Amino acid sequence: INAETTLELSTNWMTEEMVQYFEELVTSPYTILYDGSVYRAVVVQETGYQVESQRNKKLIKKTINVKYANQDIING
1 INAETTLELS TNWMTEEMVQ YFEELVTSPY TILYDGSVYR AVVVQETGYQ
51 VESQRNKKLI KKTINVKYAN QDIING
């Protein structure tokens, strides 16, 4: 039996320059998550990215879902 772990990650308020880094994260085939003590390979679940204009907004906030690339095996 495999146990899948999925996380929902939210950004803080980002400027237009920071959104470029976020776009690289969403479109990257290899993504690493650092949780403060351990680095883990993750797969970004989002399949698309919507570009937002900042005409009316000065800051942008986003949410993505990721799951661990290496699943835990549970012995039954």
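Just so we're aligned: 64 in the numbering used here is position 64 of the sequence shown, and the numbers increase by one with no gaps anywhere. Glycine included, each C-beta is placed from N, C-alpha and C at the ideal position. What you are looking at is a predicted structure, and each value in this text was computed from that prediction instead of being measured.
Once you ignore the five residues that flank residue i on each side, which residues in its own chain have a CB closer than 7 Å to its CB?
| i | result |
| --- | --- |
| E17 | none |
| A69 | A41, V42, V43 |
Just to confirm, is the Cβ distance from residue i to residue j under 8 Å?
| i | j | result |
| --- | --- | --- |
| L9 | I64 | yes |
| V44 | V26 | yes |
List the endpoints of the continuous beta strand (DSSP E) containing residue i.
| i | result |
| --- | --- |
| T27 | Where T27 is concerned, there is no enclosing beta strand (DSSP E), although the alpha helix (DSSP H) it sits in stretches over 16-27. |
| L33 | 31-34 |
| A41 | 39-44 |
| T6 | 6-10 |
Starting from the Cα of residue i, find the closest Cα among the options and give me that residue.
| i | options | result |
| --- | --- | --- |
| T31 | S37, F22, A41, N70 | A41 |
| K62 | P29, T15, V43 | T15 |
Beta-carbon within less than 8 Å of residue i's beta-carbon, same chain only, minus the 5 sequence neighbours each way: which residues are those?
| i | result |
| --- | --- |
| W13 | L59, I60, K61 |
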